[in-house]
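Report on the structure given below.
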Amino acid sequence: MQITPEEVTYVAGLARLELDPEEVAAMAKQLDRILGYVAKLNELDTSGIEPTTHALSIRNAFRRDEVQNSLSQEKALANAPEQNGEAFVVPRVIEAI
Amino acid sequence: MEQLYSLSLAEALTLLEEGKVSAVELTRAVLARIEAVENRIGAYITVGQEQAIAQAEEADRCRHQGVPGPLCGLPLSVKDVLCTQGMPTTCASRILESFAPPYDATVVDRLKAAGAVLVGKTNMDEFAMGSSNENSAFGAVKNPWHTSYICGGSSGGSAAAVAADECLASIGTDTGGSIRQPASHCGVVGLKPTYGRVSRYGLVAFASSLDQAGPLTKTVRDAALLLNVIAGYDSKDSTSVDQPVPDYQAALTDGLKGLTLGIPQEYFAQGLDPEVEKAVRQGIEVLREAGAETVEVSLPHTGYGVAAYYIIAPAEASSNLARYDGVRYGFRDRNADTLKDMYRLSRSQGFGSEVKRRIIIGTYALSSGYYDAYYRKASQVRTLIIEDFRKAFTQCDALVSPVSPTPAWKLGEKISDPLGMYLTDVLTIPNNLAGLPGISVPCGFSSSGLPIGMQVQAAHFEEEKLLRIAYNLEHRLGIAGRRPVIS
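Chains A and B are the protein sequences, given in the same order.
Residue numbering for the first sequence is 0 to 96, as defined by numbering that gives the first Met the number 0.
Residue numbering for the second sequence is 0 to 486, as defined by numbering that gives the first Met the number 0.
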């Protein structure tokens, strides 16, 4: 068993996802198969092999610290589900104790 | 006379230049075609009729004034993962259903600057995650060659729209095969450029170290034409590479003398459909007749590509998709009392099941205690896969192989088997892990009339070789003009 239903629920919580019990059961079964398959990576001895995070060797792309055109406040807020003309409005952040 | 909507870009351009047709006529023909067949295909999420006509009128004005761009008046479509100012960009997800980007992706910007007419945004697997285009919140796309079959994914809408003549050409994106595989299943040309060749600015991120945009077209020449417009350095994408863009159409020369093609034995392994193998081997024979030498090569870690990919891509996705929180854009659950509940409820309702599955795999692989066993291990195997290619390219100029181990399958056939679906990308995924350019070009049909594509891969920034090889295959086979009868 690579992953249990409890672990699925826990990891989903980390990713801010909520699954109903049926989804958890189905997901656990599917992830177990997928991770079981992925385990074939362990057939390979990778000691001393450098990991690759980018296929091309690229360096950090710096630019001058100068003000450039950016989105206006109006445009930046235009797609917000809730806003007050100045800021994004969200439910309360600090939860009741 | 041939219908206007069935023209290639190059053919349409000639008629526009000779004044035999206007951009408005061409665009109206394409819009009428969409109207006629779209209910059987489902290739589009948004069609922008009025905007398209306005852009076509503007294109006609530019041509009259003698200042036409290289794509002036050509009706194209763009995958709904590329931001378009003033036209919704949904990524085929409920979570972005009402998102109207305040800017254009660089690719879109370049198409518009070249005078292209944008007829609409094509359907796709949600957030580009899928191989069949069944993971769309707006419905599956059907294969124009046989509407009870899948069209491939995730740029399935783009491939189907080109095959069904619902646009002259399209732009898709490829993270693990998402341009090449649907191109193969729909009988069109699909080119995935070298990572860094085309700007990712405004391309909604799935797996940032793998994503790359490229053309889906009716002919190889059209792919060259479009690549010339979209390729090039962009300071807004920090992974964009500052390297000169050659004239890709100049690479389309007859004959392949002096080129050595590698045939990777692992790409013809068990599980390959005999009809696919036959069509691809016949295609290789045609390339030999064109003057190419061939050599058997080995890419020993090919069989580990899918496993490495299904750690790396979900890991990057889990991080990229953290931005969908219901705050700045996208769907928000209005009933939540607290911020945390709002995140949870909005994301749980907004994302489809495949997207959730990948976010959870990625979060798991990156979580404390598992990082070394999964993410680091997969990234090391990625190095081994890159080494395989590097060694192969010391023996040959390009690799020729199938794109997909089978022709298109029936709608619904693999939808309840995620791992089975993932494994269909076995021949396209290693290319993305190495950041190489790859092309899918039609090379035959199965006995049930479904298209089969040949994949050609080359070293970084060698798109010209791919185009030259694909061009020679295309015009010697003479099947590029074959279009489906949509039932």
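Glycine included, C-beta positions come from ideal geometry on N, C-alpha and C.
By the Cβ rule, the stretch 387–401 of chain B counts as touching the stretch 425–437 of chain B, because three or more pairs are nearer than 8 angstroms. A Cβ of chain A is located within less than 8 angstroms of the beta carbon of M341 of chain B.
DSSP places Y102 of chain B outside both helix and strand once states are collapsed to three, so it counts as coil. The beta carbon of P80 of chain A falls within 8 angstroms of a beta carbon belonging to chain B, placing the residue at that interface.
Rounded to the nearest whole angstrom, the CA to CA distance from Y303 of chain B to S157 of chain B is 29 angstroms.
For the 8 angstroms CB-CB criterion, A291 of chain B and G201 of chain B do not form a contact. Each of B:E288, B:R280, B:Y470 and B:Y309 was checked against the Cα of E295 of chain B, and the nearest Cα belongs to B:R280. By the 16-neighbour rule on beta-carbons within 10 angstroms, P181 of chain B is buried. Every beta strand (DSSP E) stretch that sits fully inside the stretch 125–190 of chain B and reaches 3 residues is listed by chain position as 145–149 and 168–173.
For the stretch 27–61 of chain A, residues whose beta-carbon sits nearer than 7 angstroms to a beta-carbon of chain B comprise Q29, L30, R32, I33, Y36, V37, K39, L40, L43, T45, I48, E49, P50, T51, T52, H53, A54, L55, I57 and A60. Among the CB atoms of chain A, one or more fall inside 8 angstroms of the CB of I358 of chain B. By a beta-carbon distance limit of 8 angstroms, V77 of chain B contacts L117 of chain B. Their separation comes to about 6 angstroms.
Interface residue (Cβ-Cβ distance to chain A less than 8 angstroms): S317 of chain B is classified as such. Distance check between P90 of chain A and each of B:E462, B:Y363 and B:D340 places B:D340 closest, using alpha-carbon atoms only.
Per DSSP, A204 of chain B is not a residue of any alpha helix (DSSP H), being assigned neither H nor E. Contact annotation, S154 of chain B with M128 of chain B: C-beta distance approximately 12 angstroms; criterion of less than 8 angstroms not satisfied. A residue is called buried once 16 or more other Cβ atoms fall within 10 Å of its Cβ, and V92 of chain A, having fewer, is exposed. Counting C-beta pairs with one atom in each stretch, the stretch 82–101 of chain B and the stretch 196–211 of chain B have three or more that are closer than 8 angstroms, which means they touch. Taking C-beta atoms under 8 angstroms as the contact rule, L215 of chain B and V161 of chain B qualify, at a distance of about 5 angstroms. Look at the beta carbons and you see the stretch 357–367 of chain B touching the stretch 300–320 of chain B: at least three pairs across the two are nearer than 8 angstroms. In the DSSP assignment, M0 of chain A is bridged to no other residue. When C-beta atoms of the stretch 13–30 of chain A are compared with those of the stretch 163–178 of chain B, fewer than three pairs fall below 8 angstroms, so the two segments do not count as touching. Distances from the CA of K39 of chain A to each of B:K376, B:Q454 and B:H63 were compared; the closest alpha carbon is that of B:K376.
Just so you know, the alpha carbons of V305 of chain B and I428 of chain B end up roughly 7 angstroms apart. Among the residues of chain B, none has a CB under 9 angstroms from the CB of P20 of chain A; the nearest is roughly 14 angstroms distant. L167 of chain B is not a Cβ neighbour of P67 of chain B, given a cutoff of 8 angstroms.
Looking at B:E165, B:D79, B:S439 and B:D108, the one whose alpha-carbon comes closest to that of N132 of chain B is B:D79.
Boundaries for K120 of chain B: no alpha helix (DSSP H) harbours it, while the beta strand (DSSP E) harbouring it runs V116 to T121, taken from the DSSP string. The alpha-carbon of P401 of chain B is positioned some 29 angstroms away from that of E37 of chain B. By the C-beta criterion, the stretch 479–486 of chain B is judged not to be in contact with the stretch 225–242 of chain B, since fewer than 3 inter-stretch pairs fall below 8 angstroms.
Around the C-beta of R346 of chain B, 16 or more other C-beta atoms lie within 10 Å, and the residue is accordingly described as buried.
One alpha carbon belongs to Y342 of chain B, the other to V10 of chain A, and they sit about 15 angstroms apart.
Within chain A, the residues A60 and R62 have their CB atoms less than 9 angstroms from the CB of S234 of chain B, given in chain order. DSSP, reduced to helix, strand and coil, places E386 of chain B within a helical segment of the structure shown. Proximity of chain A to Y200 of chain B at the Cβ level (cut-off 7 angstroms) is not reached, the minimal Cβ distance being about 12 angstroms. In this chain, the alpha helix (DSSP H) harbouring S318 of chain B covers G304 to N319.
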